[in-house]
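*Asks:* First the structure, which I've put down as structure tokens, then a few questions once you've had a look.
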Amino acid sequence: MSAQQSLKTSGAPSLEELKAVGQLASEKDMEGRGCLCIECIEEIPCNPCQTACPQGAITVGFPITNLPVIDRAKCTVCGLCIPACPGLAITIKSVKDDTARVRFPWEYLPFPAIGDTVRMVDRQGRELCDGTISSITNPVRNNRTAVITAEFPRKFVQDAISIARRS
Amino acid sequence: MNAEKSPDSRIVKHAVLGDMPAQKEVTIYFEGKPLKALEGEPIMATLVAAGVTVFRYTKKGSPRRMFCGIGRCTDCVMTVDGVPGVRTCVTEVREGMRVERQQGVGSWKVQAEASHAQ
Amino acid sequence: MRNDGKPAVVIGAGPAGLCAAIELKKAGAPVVLMDENAKPGGQLFKQIHKFFGSQEHKAGIRGFDIGKELLAESLRLGIDVRLKTEVVGIEAGLKVWAVEDRSKSYTFDAGTLILATGATENALSFPGWTLPGIMTAGCAQTLINVHRVLPGQRVLMVGSGNVGVIVAYQLMQAGAQVAAVIEALPRLGGYGVHTAKVRRAGVPFYCSTTIIRAEGRESVERAVIASIDAKFQPIPGTEQTLDVDTICLAVGLTPSIELACIAGCKQIYIPELGGTMPAHDEFMRSSLESVYVVGDIAGVEEASTAMEEGRLAGIHAAWAMGYMDETTMKTKTEETKTRLKALRQGVFGQKRFEAKKRIVEGRKEA
């Protein structure tokens, strides 16, 4: 395991740290229906992502401190694991032409509305660009973790992770 | 944020906790001033909602508010219905309750027959 | 084996105490659960985040929902829960001295005692630390999540362990701004997934940084922070002033061992788990045969481990009191230990696992 310098000093992982544990999806992975991105690079005792997946596409196994491994062939990008993750560490990213999309967990008020222009942020909380909200879901089974989708320019797809909080 | 000037700082909407349920209101008196309190909440919560930042002064005149919030540290003690040294973080509000800042350890202001505060 | 009719008395109705009482009652043992507070649940009801672990640890369920489940179960089982009841003394022969409603004092004989008294948050002293607006992180968490009032608008969090980082996140959920999270050590303490969600909300983390002083006339108006060197000394010229009205201290917890001391349990010093605490064996039994210690009093960990420790003690005590056969006790104990071990693995858990082993070794020596 690397020193995780960025995660353990800035609070968020760097692209290199994600890559080192095989958790950085490529833009090729994101084409078409998109792909699951789990950013869980520390061995913590946790496996609800595995339990939530109806396809058996996420494996944590034993001990439950193992890092999750995604079987992309099995994953249907249904997104059930997004609100199941207690660490809010799962997103789904996709790209098409010049546009990228990220589906991410959200637990702050106020919620944005569909069609709203928002500011996309990177892992360090820096604002990257404008984005547009295309979907918000928060069914009972999410247990109060909403799942929001935002669209934004493709060139920011590796860095964009969420949207800026409005107060 | 200056003492007693902030608006009611109740969290009425919350993404996880939901909307605050309707609760019965009671009135307590802080330094003689009526404050809206919610039945079942501790005195500390009413005062924080009202923006009160000083709960008491030490005998040297240093201001104090709350510290642990769960009845361990006694930072938040006040004179309640004449009884000094009452932990406001674990004492529930009651209709008509009189809550006053105390100086130092405070002094008893109740007659022997008065009911004890919690 | 003994069955003298005296009840098991569980002191503290937090996650550990509730689980101990539930296991005892399920086995048919007489049990009395006491708590000084007006409501049971301990600190579970301020935990509004989803818990880690796996399904059998109730992972993915929010802390307050776990609290509701435990309360419903204790009600269903008909456990004798005595609230607003402070235990102020334990005399020889396990005579428990309780004060009810701060007015009525009584004593009665316990056959078994389970101490689940929890832990107390540590303070940190610096110039200005007594100013209104400075509070423990747990205090802020109680205010926002239980009482639903916001103690301030702009917060500095001191300490980057899970408590500090989780409360920083929850303060933002409650509508506050978090100016920064500072950490004296060179690396952040909390889980990376927690720090990452706070970081992407725009909150800066400063490692190797301490608070120099809090400023303000009648309450906090500013905090001055500075970088520190390898010897934890402030580096001149690195001071930074933050405009905040609230400073939260998340600098660890210390086991609340008063009753264990009064009872005469042998203590052991384990700094990784919060300081001095009663030594205990693998069944959570202290140095005294009929006194168990569970949850944070037995070493500060988390609610999920506290619940399993409570179950371990409840199962063993039920057997010792003659309400469970040995085979059932052994099977249930093994199941519980397996769940507990799962929570004490990985980079964070391994240290706690090793420290807990030292507590058990300490009990053997005592």
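Protein chains in written order, with the numbering used here: chain A, 63 to 229; chain B, 1263 to 1380; chain C, -3 to 362. Glycine included, each C-beta is placed from N, C-alpha and C at the ideal position.
#1: Just mark A/P107 as buried or exposed, buried being the case when its beta carbon has 16 or more other beta carbons within 10 Å.
#2: I need the straight-line Cα distance from C/F349 to C/K333, nearest angstrom please.
#3: What are the residues of the stretch 1348 to 1378 of chain B that lie near chain C, defined by any Cβ-Cβ distance shorter than 9 Å?
#4: Is DSSP giving C/W315 helix, strand or coil here?
#5: Between which two residues does the alpha helix (DSSP H) containing C/D61 stretch?
#6: Mind checking whether B/I1290 and B/M1359 have CB atoms under 8 Å apart?
#7: Can you check which of these residues, C/P232, C/E52, C/I140, C/C135, is closest to C/R301 by C-alpha distance?
#8: At 9 Å on the CB atoms, spell out the chain C contacts of A/V183, in chain order.
#9: Give me the Cα-Cα distance between C/K46 and A/K136, rounded to the nearest whole angstrom.
#10: Let me know if A/C111 comes out buried or exposed under the rule of 16 or more other beta-carbons within 10 Å of its beta-carbon.
#11: Pick from C/L269, C/T237, C/I293: whose alpha carbon is nearest that of C/I253?
#12: Can you list the residues of chain B that A/R206 reaches, using a CB-CB cut of under 7 Å?
#13: Would you identify the three-state DSSP class for C/V77, choosing helix, strand or coil?
#14: Does the CB of C/Q123 have a neighbour CB from chain B at under 8 Å?
#15: 8 Å is my cut-off, CB to CB: does A/L150 come that close to chain B?
#16: Whole alpha helix (DSSP H) runs in the stretch 165 to 239 of chain C with 4 or more residues, listed along the chain?
#17: Determine whether the Cβ of B/I1290 lies closer than 8 Å to any Cβ atom of chain C.
#18: Can you tell me whether DSSP reads C/R340 as helix, strand or coil?
#19: Could you pull out every residue in the same chain whose Cβ sits closer than 8 Å to the Cβ of C/R354, ignoring the five residues on either side in sequence?
#20: Looking at the C-beta of A/C102, does it have a partner C-beta in chain C at a distance below 8 Å?
#21: Using the C-alpha atoms, what's the distance from C/T191 back to C/G124?
#22: Please state whether DSSP places A/K70 in a helix, a strand or coil.
#23: Do C/A25 and C/A4 count as a contact pair if the criterion is CB distance below 8 Å?
#24: Does B/A1299 have its Cβ less than 8 Å from a Cβ in chain C?
#25: Does A/Q67 pass the burial test, meaning 16 or more other C-beta atoms within 10 Å, or should it be called exposed?
#26: Which residues bound the beta strand (DSSP E) around B/M1340?
#27: Identify whether A/G118 lies in helix, strand or coil by the three-state DSSP scheme.
#28: Leaving aside the five residues before and after B/N1264 along the sequence, list all residues of the same chain whose C-beta is less than 7 Å from its C-beta, in chain order.
#29: Identify the continuous beta strand (DSSP E) that holds C/E96 and give its terminal residues.
#30: On the three-state DSSP scale, how would you describe C/T132?
#31: Quick one: residues in its chain with C-beta nearer than 6 Å to the C-beta of B/A1376, no 5 flanking neighbours on either side, listed in chain order?
#32: In chain order, what residues of the stretch 1 to 18 of chain C put their CB closer than 8 Å to some CB of chain B?
#33: Identify the continuous beta strand (DSSP E) that holds A/I152 and give its terminal residues.
#34: At what residues does the alpha helix (DSSP H) containing B/G1347 begin and finish?
#35: Using DSSP with H/G/I as helix, E/B as strand and the rest coil, what is A/I126?
#36: Would you identify the three-state DSSP class for A/P174, choosing helix, strand or coil?
*Replies:* With the given structure in hand:
#1: By 1-based counting over the first sequence, the position of residue 107 of chain A is 45. The Cβ neighbour count for A/P107, taken over all protein chains shown within 10 Å, is at least 16; the residue is labelled buried.
#2: Within the third sequence, the letter at position 353 stands for residue 349 of chain C. Within the third sequence, the letter at position 337 stands for residue 333 of chain C. Looking at the two C-alpha atoms, the distance is approximately 12 Å.
#3: Of all residues in the stretch 1348 to 1378 of chain B, the ones placed with a Cβ closer than 9 Å to any Cβ belonging to chain C are C1351, V1352, E1354, H1378, in chain order.
#4: If you number the third sequence from 1, residue 315 of chain C lands on position 319. Correct three-state label for C/W315: helix.
#5: Position 65 of the third sequence holds residue 61 of chain C. For C/D61, the enclosing alpha helix (DSSP H) stretches over residues 59 to 73.
#6: Taking the first residue of the second sequence as 1, we reach residue 1290 of chain B at position 28. Taking the first residue of the second sequence as 1, we reach residue 1359 of chain B at position 97. Taking 8 Å as the Cβ cut-off, B/I1290 and B/M1359 qualify as a contacting pair.
#7: To locate residue 301 of chain C, count along the third sequence from 1; it is residue 305. According to the sequence displayed, residue 301 of chain C carries Thr and not Arg. Considering only alpha carbons, the answer is C/E52.
#8: Translated into the one-based positions of the first sequence, residue 183 of chain A becomes position 121. The contacting residues are R196, A197, G198.
#9: Numbered from its first residue, the third sequence carries residue 46 of chain C at position 50. Numbered from its first residue, the first sequence carries residue 136 of chain A at position 74. Note on geometry: alpha-carbon atoms of C/K46 and A/K136 lie some 26 Å from one another.
#10: Along the first sequence, read from residue 1 onward, the residue named residue 111 of chain A stands at position 49. So A/C111 counts as buried.
#11: Here residue 253 of chain C is taken as the residue at index 257 of the third sequence, counted from 1. The option with the nearest alpha carbon to C/I253 is C/I293.
#12: On the first sequence, position 144 is the one that residue 206 of chain A refers to. What A/R206 touches in chain B: A1277, V1278.
#13: One-based indexing of the third sequence puts residue 77 of chain C at position 81. C/V77 falls in the strand class under three-state DSSP.
#14: Indexing the third sequence from 1 puts residue 123 of chain C at position 127. Inspection of the sequence shows that residue 123 of chain C is occupied by Pro rather than by Gln. Cβ-Cβ to chain B under 8 Å: no for C/P123.
#15: As a first step, residue 150 of chain A must be located in the first sequence, where it is residue number 88. Answer no: the Cβ-Cβ gap between A/L150 and chain B never drops below 8 Å.
#16: 188 to 195
#17: What you label residue 1290 of chain B is simply residue 28 of the second sequence in a count that begins at 1. With 8 Å as the cut-off, B/I1290 does not count as an interface residue toward chain C.
#18: If you number the third sequence from 1, residue 340 of chain C lands on position 344. C/R340 sits in coil when the DSSP states are folded into three classes, being neither helix nor strand.
#19: One-based indexing of the third sequence puts residue 354 of chain C at position 358. I264, I266.
#20: Taking the first residue of the first sequence as position 1, residue 102 of chain A is located at position 40. Yes, A/C102 lies at the interface with chain C (some Cβ there is under 8 Å from its Cβ).
#21: On the third sequence, residue 124 of chain C is found 128 positions in, with the first residue counted as 1. On the third sequence, residue 191 of chain C is found 195 positions in, with the first residue counted as 1. About 28 Å.
#22: On the first sequence, residue 70 of chain A is found 8 positions in, with the first residue counted as 1. Taken through DSSP and simplified to helix, strand or coil, A/K70 comes out as helix.
#23: By 1-based counting over the third sequence, the position of residue 4 of chain C is 8. By 1-based counting over the third sequence, the position of residue 25 of chain C is 29. Closer than 8 Å, so yes.
#24: The residue given as residue 1299 of chain B occupies position 37 in the second sequence. No - not a single Cβ of chain C is within 8 Å of the one on B/A1299.
#25: On the first sequence, position 5 is the one that residue 67 of chain A refers to. Burial call: exposed.
#26: Taking the second sequence and counting its residues from 1, one reaches residue 1340 of chain B at position 78. Start and end: 1339 to 1342.
#27: As a working mapping, residue 118 of chain A is identified with position 56 in the first sequence. Looking at A/G118 - three-state DSSP - the assignment turns out to be coil, as it is neither helix nor strand.
#28: Here residue 1264 of chain B refers to the residue found at position 2 when the second sequence is read from its first residue. With a pLDDT of only 35 at B/N1264, under the threshold of 50, the placement of this residue in the model should not be trusted; the figure read from the coordinates follows. Excluding positions up to five away in sequence, the list is empty.
#29: As a position in the third sequence, residue 96 of chain C is number 100, starting the count at 1. Segment 91 to 96, the beta strand (DSSP E) holding C/E96.
#30: Numbered from 1 along the third sequence, position 136 holds the residue referred to as residue 132 of chain C. Strand.
#31: Translated into positions along the second sequence, residue 1376 of chain B becomes position 114. With a pLDDT of 49 at B/A1376, under the threshold of 50, the modelled position of this residue cannot be trusted; read the value that follows with caution. Closer than 6 Å at Cβ, skipping near neighbours: no residue.
#32: Closer than 8 Å at the C-beta level to chain B, one finds no residue of the stretch 1 to 18 of chain C.
#33: Position 90 of the first sequence holds residue 152 of chain A. 152 to 158 is the span of the beta strand (DSSP E), which, as asked, contains A/I152.
#34: As a position in the second sequence, residue 1347 of chain B is number 85, starting the count at 1. From DSSP, B/G1347 is part of no alpha helix (DSSP H) but of the beta strand (DSSP E) over 1345 to 1349.
#35: By 1-based counting over the first sequence, the position of residue 126 of chain A is 64. Coil at A/I126, not helix or strand.
#36: Taking the first sequence and counting its residues from 1, one reaches residue 174 of chain A at position 112. Looking at A/P174 - three-state DSSP - the assignment turns out to be coil, as it is neither helix nor strand.
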